[in-house]
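To start, the structure itself, in structure tokens.
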Amino acid sequence: MQVCYVAYVSGIVQGVGFRYYTQQQAIKLGVTGYAYNMDDGRVEVLACGEQQQVERLLAWLKVGPKSARVERVLVEPRAVKDIVGFRIRY
Numbered sequence: 001m002q003v004c005y006v007a008y009v010s011g012i013v014q015g016v017g018f019r020y021y022t023q024q025q026a027i028k029l030g031v032t033g034y035a036y037n038m039d040d041g042r043v044e045v046l047a048c049g050e051q052q053q054v055e056r057l058l059a060w061l062k063v064g065p066k067s068a069r070v071e072r073v074l075v076e077p078r079a080v081k082d083i084v085g086f087r088i089r090y
């Protein structure tokens with residue numbers, strides 16, 4: 001089943017390669033979407049794909065790369081979108 005979620009990741013998640021590592025995980029899992037640095041210091045991640053793979057990425061976001069310190073992840077469902085690839089948005 002195809003699903004889409006947006007996750008808002010709080011903590012020390014900017015300037016530590018968070019978007020890059022998220023992109024690598026998403027590509028490995030076959031998840032599409034994007035990672036974006038928000039003005040308030042959070043990272044917004046849109047994750048679309050097979051439910052099990054998206055859930056794996058969302059679980060990874062709660063830990064993140066070693067360089068980051070994730071404090072909180074808020075996840076909201078979104079309408080399923082047909083997105084190609086996973087990109088870093090600027």
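Quick note: the sequence shown uses UniProt numbering, first residue 1, plus one each step.
Think of the CB as a built atom: it goes at the ideal place given N, C-alpha and C, for glycine as much as any other residue.
For Tyr90, name the three-state secondary structure that DSSP assigns.
-> coil
Continuous alpha helix (DSSP H) stretch holding Val54: start and end = Gln51 to Leu61
Short check: CB of Val43 to CB of Gly33, under 8 Å?
-> No.
Do you know how far the Cα of Val73 is from the Cα of Gly17?
-> Taking the straight line from one Cα to the other gives about 17 Å.
Can you tell me where the beta strand (DSSP E) with Arg69 in it begins and where it stops?
-> Arg69 to Arg78
Whose C-beta lies closer than 7 Å to the C-beta of Gly85 among residues of the same chain, with five residues either side of it excluded?
-> Thr32
Nonlocal neighbours in the same chain, by C-beta distance under 7 Å from Lys81, ignoring five residues either side = Cys4 and Cys48
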